[in-house]
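A short write-up of the structure that comes next.
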Amino acid sequence: MEINKKENNTVFFDIVLKREDIKKAENEVYKKNKKHFQIPGFRKGHVPMKMIENMYGKDVFFEDAINELLPQEYEKAIEELDLKVVDQPNIDIDEESIEKGEDLVIKVSVDVRPEVEIKDYEGIEIEDPTIEVTDELIDSEVENQRAMNARIINVDDRAVEDGDTVNIDFKGSVDGEYFEGGEAESQDLKIGSNTFIPGFEEQLIGHEIGEEFDITVKFPEDYHQKDLAGKDAKFEIKLNGISYEELPELDDEFVKDISEFDTLDEFKADLRKKKEEEFKTTSEMEKQRRAIDKIGEMIEADIPEGMINAQIDDMIRNYDQSLRAQGISFEDYIKMIGQSLDDFKNTMRPEAEKTVKNDLALEALVKDMNIEITDEEIEEEVNKVVEEYFKDDKDHMEKMREYMLNDNKDVVRDDLEKRKAIETLVEKAKFVEPKEVTEEDIEEVKEDK
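Residue numbers for the sequence shown follow UniProt numbering, so the first one is 1 and each next one is one higher.
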């Protein structure tokens with residue numbers, strides 16, 4: 001078995017089915033199906049093979065025989081040629097060899113995983129994602145705690161002011177027609193939160209409890225409901241209530257009420273420590289992500305459509321699972337945002353291409369770094385995983401450990417190889433100050449779009 005030729009990422013090779021193997025397969029097909037044939041003069045299921053061929057044609061069992069033989073011969077060829085296929089093969093059967101009763105030559109073409117190389121990756125420049133824990137950030141966190149512990153004061157002697165929370169009934173219409181999703185009762189809305197359509201909240205200021213009035217707004221051009229985007233709308237409003245938040249005094253007594261600390265300074269010091277730990281973890285993850293993106297940009301390869309489509313399908317499956325956890329089906333979601341399945345796939349395509357290129361770059365990185373993972377490292381990783389996720393179910397833990405060490409061992413090895421490659425890449429990377437974005441940069445991005 002040999003490859004006839006290779007064009008980009010498509011390989012071409014022949015599979016030859018021996019005539020005697022085809023005849024054996026036809027006999028097996030006959031045995032499986034003879035009970036379905038009935039010809040006068042013969043008991044059902046006892047019609048000779050030759051008689052069936054005379055009546056229905058000599059190739060009556062041929063197609064089924066090929067369908068029996070070809071998949072296993074294809075798998076043998078893939079293994080022998082050591083091909084990493086990424087799509088279904090194209091099959092072309094030589095009609096002449098069928099007519100001549102010779103060995104059957106089947107021409108196969110299939111897309112395979114691109115072979116890429118990556119060089120000059122040591123010392124790559126990456127914008128440093130490290131975030132500094134500033135006094136302003138800590139003060140903001142403290143203010144969040146104050147807001148979470150605020151008293152709600154109901155108002156009945158004045159009109160709505162900026163910063164108030166109102167309770168309203170509303171009903172929206174476009175061109176005199178009420179639209180789906182444009183109606184609610186007893187809806188709380190904080191003025192200035194910008195959670196509603198631009199211009200909606202500001203028009204509530206100055207009104208008092210019990211008032212019924214109309215406001216007009218314009219939906220943004222990029223509004224997620226395409227049938228409303230860019231249109232003028234009228235909302236009928238009833239103002240049910242007004243309230244505001246009264247923040248607690250920021251002092252040691254407040255800190256004692258909400259935490260284990262006695263003073264504001266101690267509370268802030270603890271916040272700073274936790275934020276520094278959080279940002280350190282986030283920064284390390286972001287460094288790895290940026291490093292992977294960087295090497296993904298460095299490779300040059302024609303990505304087979306099969307790889308991109310498979311990645312898009314994976315992304316949609318993950319999207320579907322996430323949506324279903326929220327009680328929404330994927331089909332309903334794309335209808336809600338006004339897209340077809342093809343539209344949605346097109347929006348996912350750039351990210352899918354990027355993911356595939358990054359994965360290819362990581363594979364090349366592992367190969368170039370000559371990274372090897374020992375069985376001891378695999379066992380250590382498996383033990384760590386099962387003990388973390390199944391510590392309360394010993395039986396399940398042992399079954400999962402056995403599965404990961406046997407059936408899933410190569411997946412664990414692959415993950416550890418890539419992890420080690422990324423860590424080495426980050427260690428040798430040069431992190432630079434983020435580039436300041438100028439107006440010229442923004443205009444350039446707009447022009448590219």
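Where a beta carbon is used, it is the ideal one built from N, C-alpha and C, also for glycine.
(message) Starting from A310, trace the alpha helix (DSSP H) in both directions and tell me its first and last residue.
(response) 305-325
(message) Can you find the residues in the same chain that come closer than 8 Å, C-beta to C-beta, to I91, ignoring five residues on each side of it along the sequence?
(response) L70, I106, K107, V108
(message) Whole angstroms are fine: how far does the CA of Q321 sit from the CA of F431?
(response) 36 Å
(message) So, with DSSP's three-state summary, where would you put K18?
(response) coil
(message) What does the Cβ neighbour count give for T355, buried or exposed, with the cut at 16 atoms within 10 Å?
(response) buried
(message) Please report whether the beta-carbon of G338 lies at a distance below 8 Å from any beta-carbon of chain D.
(response) Absent here is chain D; the protein component of the structure consists of one chain.
(message) Measuring straight from C-alpha to C-alpha, what distance separates L17 and L104?
(response) 5 Å
(message) Ignoring anything shorter than 3 residues, give me the beta strand (DSSP E) runs that lie fully in the stretch 76-155, in order along the chain.
(response) 90-93, 104-111, 125-127, 151-155
(request) Return the chain-ordered ranges of every alpha helix (DSSP H) run that is complete within the stretch 144-217 and spans a minimum of 4 residues. (result) none
(request) Look at the alpha carbon of N4 and the alpha carbon of I328, and state the distance between them as a whole number of angstroms. (result) 50 Å
(request) For G338, collect the residues of the same chain with a Cβ closer than 6 Å to its Cβ; drop the 5 residues on either side in sequence, then sort them by chain order. (result) Result list for G338: K226, in chain order.
(request) Compare the Cα-Cα distances from D156 to each of K268, Y244, N9 and report the closest residue. (result) Y244
(message) Give me the residue from A159, K280, A291 with the minimum Cα distance to N167.
(response) Of the candidates A159, K280, A291, A159 places its Cα closest to the Cα of N167.
(message) Considering Cα atoms alone, identify which of E102, M400, G163 is closest to R19.
(response) E102
(request) Classify D135 as buried or exposed, calling it buried when 16 or more other Cβ atoms lie within 10 Å of its own Cβ. (result) exposed
(message) I'd like to know if the stretch 292-305 and the stretch 109-120 are in contact, where contact means that at least 3 CB-CB pairs between them fall below 8 Å.
(response) yes
(message) Taking the straight line between their C-alpha atoms, what separation do you get for N383 and I312?
(response) 32 Å
(request) With DSSP as the reference, label H36 as helix, strand or coil. (result) helix
(request) Could you tell me if K428 is buried or exposed, where buried requires 16 or more neighbouring beta carbons within 10 angstroms of its beta carbon? (result) exposed
(message) Between which residues of its own chain and G163 is the CB-CB distance below 7 Å, once the five residues before and five after are set aside?
(response) I191, G192, Y244
(request) Can you have a look at Y121 and say buried or exposed, based on whether 16 or more other CB atoms are within 10 angstroms of its CB? (result) buried
(request) May I have the straight-line CA-CA distance separating Q203 from D188, to the nearest angstrom? (result) Just so you know, the alpha carbons of Q203 and D188 end up roughly 15 Å apart.
(request) Kindly confirm or deny that the stretch 121-132 and the stretch 278-291 touch, where touching means at least three C-beta pairs closer than 8 Å. (result) yes
(request) Look at F170 and I237 and say whether their C-beta atoms are less than 8 Å apart. (result) yes
(request) List the endpoints of the continuous alpha helix (DSSP H) containing V366. (result) 341-368
(request) Please name the residue in H207, F62, K44 whose C-alpha comes closest to that of residue 484. (result) A query on residue 484 cannot be resolved here, the shown segment of the chain reaching from 1 to 449 and no further.
(request) Spatial neighbours of K399 within its chain, please: CB distance less than 6 Å, with the 5 preceding and 5 following residues excluded, ordered by chain position. (result) none
(message) Relative to the C-alpha of N8, which candidate in G206, D342, E300 has its C-alpha closest?
(response) E300
(request) Would you identify the three-state DSSP class for E26, choosing helix, strand or coil? (result) In the three-state scheme derived from DSSP, where H, G and I count as helix and E and B as strand, E26 is classed as helix.
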